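In terms of the UniProt record's numbering, the sequence shown has 13 at position 13, counting the first letter as 1, and numbering is strictly consecutive.
For every residue, glycine included, the Cβ atom is placed at its ideal position computed from N, Cα and C.
None of these values were measured; they are calculated from a predicted model.
The next block holds one structure in the form of structure tokens; read it before the comments.
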Amino acid sequence: MTHTEHLPPRAGRHAVWPDRIRSEVVAAVQACGIEHPWAHQALAAEHALDGDSVVVATGTASGKSLAYLVPVLSTLLDGSEAPNGRGATALYLAPTKALAADQRRAVKELSRPLGHAVRPAVYDGDTPVEDREWIRQYANYVLTNPDMLHRGILPSHPRWSSFLKSLKYVVIDECHTYRGVFGSHVAQVLRRLRRLCARYGSSPVFLLASATAADPAAAAGRLTGLPVVEVADDASPRGELVFALWEPPLTELQGEKGAPVRRTATAETADLLTDLAVQGVRTVAFVRSRRGAELISVIAQERLAKVDRSLARRVAAYRGGYLPEERRALEQALHSGELLGLAATTALELGIDVSGLDAVLIAGYPGTRASLWQQAGRAGRAGQGALAILVARDDPLDTFLVHHPEALFDRPVESTVLDPDNPYVLAPHLCAAAAELPLTDEDLALFGPETEALLPQLEAAKLLRRRTKAWHWTRRERAADLTDIRGEGGRPVQIVEEGTGRLLGTVDAGSAHTAVHEGAVHLHQGRTYLVRSLDLEDSVALVEEASPPYSTVARDTTAISVLETDVEIPWGDGRLCYGSVEVTNQVVSFLRRRLITGEVLGESKLDLPPRTLRTRAVWWTVTEDQLDAARINPEILGGALHAAEHASIGLLPLFATCDRWDIGGVSVPLHPDTLLPTVFVYDGHPGGAGFAERAFHTARAWLTATRQAIASCECDAGCPSCIQSPKCGNGNEPLHKRGAVRLLTELLRGAPEREGGDDGHGQEAGVVNGAGPGSAAADSAGLGSMGAEGAGPDGRTVGVIGPEGIATDVADPEATTGDGAGQGTATADGASTGP
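Given below as structure tokens:
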């Protein structure tokens, strides 16, 4: 344990509900044991009743749901007495199905005294077909997710006409999760919703709930396209929270070049979960990957079985990819207290009401301080004291954080980054909007300043046609199918048990190359399977149950080229640049690694097609004079660049609202486009996600922290805590720790006084240019080579290293950052499916 932070308890501040709230609703709330609202709840309700769109940005378990539910239920109750029969309606959007189902339970419980005046219903992909018509015609509180709104509700708006005509409120829960490319897509979906509502004569008020965030009103405004009032003064009480930072111990094993190796965060978290379960402490362990959730659950179950077999049955995994009935059963078991411990991905992070939790374990920094506090806040929801432990992974960022607690506890949470004007995002939504209703000149302002320039490109691509002063969709296929708003690309791959034909679950198309390639080890509910075949054309992976003593790790190759340099500013003799790049990635092999220790047992080749990604990147170059000043000779140049790149990718989440697997990188001793030694860091999403731009604007602080992280590490030649990547497909070769420090020192000596693009040469922060005028629109609509297939798991590319000394780090979906080395082609460390 490296640090313990004690967050003291806080007293609550009560208020009264606005007079306009119906007395029946106030009585229903009081019947649930809530006599008076907290001050922030009452203020948010007042804004909602005034017709002001409002974002409630307060801590976990502060009662945000009640802040929007009370005015919504009061309005629905008013509407139930309307002479037209349908009355007022409300739409609730959640980022996950689990949260929508949880909220439906909460609404039904709260509105039970109101009888049939409030008719909540979940409308998502799990909703039976026979129930859907009733929901469209009679439900007045519809709970769904942005995906269903995009693909199901908006394209079928005539069937929803009575609902949309009466729509008074749109509730957007956990709105801080709508960031990056996903957030940009959701922003355009909401603009399409607003456009259709206006055509049906309604103008709904938007009520948003967010975790504590920097400038929540501005972020909510970018998301909705509307002015938004913020309520951020948290008046709820809070029990004491003890927050510990935990660094796993060193083992007797040695890594590459004899580097010390720490015990994995997965194994350490499993032990902590076991110990807490034995003590009867109700605990959730959060882990970033599906594989990690399964492993923690399996390890904890095995160890608990040695103590008490009944305890082993009270620990489970919870992740995406389960069948609907499995998810519902786990949620119910957690609610009832039947489960004592749960290893979960972020699917459970988002607001599900899990009362009675005593502790939260966080296996690896989740990428942002906002997510860290959201996860930690799951404990102590009933106001009691609670424990949170961040278990560090053996990588640069986690090591930095557990030894610099001020970076977690003394800094505000990050601002939300999203860019609705990204042409790769905007173009398919213009097509979808035109298919819903022809686009007119009056609609252009709603969709943003890039709209006018994109429409002719869409016409040239024969997707839209201008007739009678409006743009019309020209194709027979559904326009909404042109894009996957989560960036997952393509239809999900079904995981089917060979022999029985039983469907075990699904994995998104982007993850298939790394997660369910032939020979991959797949975990599902504590059982281990081997993938026998992957059919990409039919989107089916056949698996059979097995017990191999190893996990599998995919490797890829990556090439990167500069398409367009938008901004270029001098850093001494070197240059800091921002612009568009093309990244080509191909999974070429996989490693078999011994469980727990990670020892490599062998490598097998794979034959999978390449995927191309057009995205945004920040890159920096150094000149020969700078190399001479830093005493970097040709023998150590590749290692110095490679080491600096590893560490810079690891530290970027401190400065951009990204996860480590949202970004990738390449370092090249001589890049053919720049003709200089170059380090690239790029967004792992088509068209960019705003992360590289943020890196550009904070480059001096970002690279200063990178240098500090390397220089302050106590190792001699580099270790996983500073410059090594556990996924480096080239065995973390070449790496040169001291060279990286000298190189960054010399580079930073020439850095301008003001950050990145703030010196007058670049764009304002938060504004991202398009990826060039050429084929962005057509590609984003699925016609060009970019396509969603260019992104890796969950829309993210995965990492690599190649034969000629270029280091590449690519967006890694499962654990730490990726990496690689080679000229033009790097071979990769791919997505880990191991511990």
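Could you give the residue range of the alpha helix (DSSP H) that holds residue 465?
Taking the first residue of the sequence shown as 1, we reach residue 465 at position 465. From DSSP, residue 465 is part of no alpha helix (DSSP H) but of the beta strand (DSSP E) over 464-467.
Just the Cα atoms here: how many angstroms apart are residue 185 and residue 485?
The residue given as residue 185 occupies position 185 in the sequence shown. The residue given as residue 485 occupies position 485 in the sequence shown. Using only the alpha carbons, I get a separation of about 5 Å.
Let me make sure I understand the geometry here. Which of 662, 600 and 668 has the alpha-carbon closest to that of residue 623?
Within the sequence shown, the letter at position 623 stands for residue 623. When only C-alpha atoms are compared, the closest one is 668.
Below 7 Å CB to CB, which residues in the same chain sit around residue 307 once its five sequence neighbours on both sides are set aside?
Reading the sequence shown from its first residue, position 307 is the one you call residue 307. The answer, listed in chain order, is 278.
How many angstroms separate the CA atom of residue 342 from the CA atom of residue 459?
Locating residue 342 in the sequence shown gives position 342, where the first residue counts as 1. Locating residue 459 in the sequence shown gives position 459, where the first residue counts as 1. Computed Cα separation, rounded: 51 Å.
Could you pull the DSSP bridge partners for residue 575 from this structure?
Against the sequence shown, residue 575 aligns to sequence position 575. Answer is 570 and 621.
Could you have a look at residue 813 and say whether DSSP puts it in helix, strand or coil?
Your numbering for residue 813 matches position 813 in the sequence shown. Low per-residue confidence applies at residue 813: pLDDT is 30, beneath 50, and the placement is therefore not dependable enough to give any value.
Are there 16 or more other CB atoms within 10 angstroms of the CB of residue 41, so buried, or fewer, so exposed?
Taking the sequence shown and counting its residues from 1, the one referred to as residue 41 is at position 41. It counts as buried.
In whole angstroms, what separates the C-alpha of residue 14 from that of residue 36?
Residue numbering aside, residue 14 sits at position 14 when the sequence shown is read from its first letter. Residue numbering aside, residue 36 sits at position 36 when the sequence shown is read from its first letter. One C-alpha to the other measures close to 6 Å.
Starting from residue 527, trace the beta strand (DSSP E) both ways and give me its first and last residue.
Counted from its first residue, the sequence shown places residue 527 at position 527. Unbroken beta strand (DSSP E) run through residue 527: 527-535.
What is the DSSP secondary structure of residue 17, counted as helix, strand or coil?
Taking the sequence shown and counting its residues from 1, one reaches residue 17 at position 17. In this structure, residue 17 counts as coil in the three-state DSSP scheme.
If we define contact as Cβ-Cβ less than 8 Å, is residue 131 a contact residue for chain B?
Looking at the structure shown, chain B is missing, and only one protein chain is on hand.
Looking at residue 517 and residue 504, is the spacing between their C-beta atoms short of 8 Å?
As a working mapping, residue 504 is identified with position 504 in the sequence shown. As a working mapping, residue 517 is identified with position 517 in the sequence shown. Taking 8 Å as the Cβ cut-off, residue 504 and residue 517 do not qualify as a contacting pair.
I'd like to check one pair, residue 529 with residue 543: are the Cβ atoms closer than 8 Å?
To locate residue 543, count along the sequence shown from 1; it is residue 543. To locate residue 529, count along the sequence shown from 1; it is residue 529. Yes, the Cβ-Cβ distance between residue 543 and residue 529 is below 8 Å.
For the 8 Å Cβ check, are there 3 or more pairs between the segment 362-376 and the segment 413-422?
At 8 Å Cβ cutoff, the stretches touch.
Quick one: Cα of residue 53 to Cα of residue 646, how far?
Against the sequence shown, residue 53 aligns to sequence position 53. Against the sequence shown, residue 646 aligns to sequence position 646. Those two C-alpha atoms are separated by around 43 Å.
For residue 231, I'd like the list of residues in its chain whose CB is within less than 8 Å of its CB, leaving aside the five on either flank, ordered along the chain.
Taking the sequence shown and counting its residues from 1, the one referred to as residue 231 is at position 231. Counting only Cβ-Cβ distances below 8 Å, and skipping sequence neighbours, we find 40, 43, 44, 47, 54, 55, 56, 57, 58 and 67.
Can you check which of these residues, 564, 166, 483 and 637, is closest to residue 741 by C-alpha distance?
Mapped onto the sequence shown, residue 741 falls at position 741. Nearest C-alpha to residue 741: 637.
Which term fits residue 440, buried or exposed, when burial requires 16 or more other beta carbons within 10 angstroms of its beta carbon?
Here the question's residue 440 lines up with position 440 in the sequence shown. So residue 440 ends up on the exposed side.
Among residues of its own chain, excluding the 5 on either side of residue 20, which ones have a beta-carbon nearer than 6 Å to its beta-carbon?
As a position in the sequence shown, residue 20 is number 20, starting the count at 1. Answer for residue 20: 49, listed in chain order.
Between residue 195 and residue 433, how many whole angstroms is the CB-CB distance? I'm expecting something under 8 Å.
The sequence position of residue 195 within the sequence shown is 195, counting from 1. The sequence position of residue 433 within the sequence shown is 433, counting from 1. Indeed they touch by this definition, with Cβ atoms about 6 Å apart.
Quick check on this structure: which residue in 323, 312 and 362 has the alpha carbon closest to the alpha carbon of residue 338?
By 1-based counting over the sequence shown, the position of residue 338 is 338. Measuring from the Cα of residue 338, the nearest candidate turns out to be 312.
Nearest-angstrom Cα distance between residue 703 and residue 711?
For the purposes of this step, residue 703 is identified with residue 703 of the sequence shown, where counting begins at 1. For the purposes of this step, residue 711 is identified with residue 711 of the sequence shown, where counting begins at 1. Whole-angstrom Cα-Cα distance: 12 Å.
Is the Cβ-Cβ distance between residue 520 and residue 552 less than 8 Å?
Taking the sequence shown and counting its residues from 1, the one referred to as residue 520 is at position 520. Taking the sequence shown and counting its residues from 1, the one referred to as residue 552 is at position 552. Yes, the pair counts as a contact, with Cβ atoms nearer than the cut-off.
I'd like to know whether the C-beta atoms of residue 601 and residue 593 end up nearer to each other than 8 Å.
In the sequence shown, residue 601 corresponds to position 601, counting from 1. In the sequence shown, residue 593 corresponds to position 593, counting from 1. In this structure, residue 593 lies closer than 8 Å to residue 601 by Cβ.
How do the segment 555-562 and the segment 577-587 stand: do at least 3 beta-carbon pairs fall below 8 Å, yes or no?
Result yes; three or more Cβ-Cβ pairs closer than 8 Å.
Using DSSP with H/G/I as helix, E/B as strand and the rest coil, what is residue 62?
Taking the sequence shown and counting its residues from 1, one reaches residue 62 at position 62. Three-state DSSP puts residue 62 in coil, outside helix and strand.
In three-state DSSP terms, what is residue 632?
Locating residue 632 in the sequence shown gives position 632, where the first residue counts as 1. Residue state, collapsed to three classes: coil.
Can you determine whether any heavy atom of the ligand NAD sits closer than 7 Å to the C-beta of residue 291, and answer yes or no?
Summarising the ligand content, the structure contains no ligands, and the ligand NAD is consequently not present.
Taking the beta carbon of residue 4 as the centre, do at least 16 other beta carbons fall within 10 Å, making it buried, or is it exposed?
Indexing the sequence shown from 1 puts residue 4 at position 4. By the neighbour-count rule (16 or more Cβ atoms within 10 Å), residue 4 is not buried but exposed.
Nearest to residue 223 by alpha carbon, out of 252, 205, 243 and 179?
Position 223 of the sequence shown, counting from 1, holds the residue named residue 223. It is 179 whose Cα lies nearest to the Cα of residue 223.
Among 111, 748, 147 and 316, which has the Cα closest to the Cα of residue 333?
Here residue 333 is taken as the residue at index 333 of the sequence shown, counted from 1. Taking only the C-alpha atoms, the option nearest residue 333 is 316.
Return the chain-ordered list of same chain residues with a C-beta closer than 8 Å to the C-beta of residue 199, the five sequence neighbours on each side being excluded.
By 1-based counting over the sequence shown, the position of residue 199 is 199. Result list for residue 199: 437, in chain order.
Quick one: using the 10 Å Cβ neighbour count with 16 as the cut-off for buried, is residue 137 buried or exposed?
Within the sequence shown, the letter at position 137 stands for residue 137. Burial call: exposed.
First and last residue of the alpha helix (DSSP H) that includes residue 221?
Locating residue 221 in the sequence shown gives position 221, where the first residue counts as 1. Unbroken alpha helix (DSSP H) run through residue 221: 216-224.
CA-CA distance, residue 723 and residue 267?
Position 723 of the sequence shown, counting from 1, holds the residue named residue 723. Position 267 of the sequence shown, counting from 1, holds the residue named residue 267. Each residue's alpha carbon lies about 22 Å from the other.
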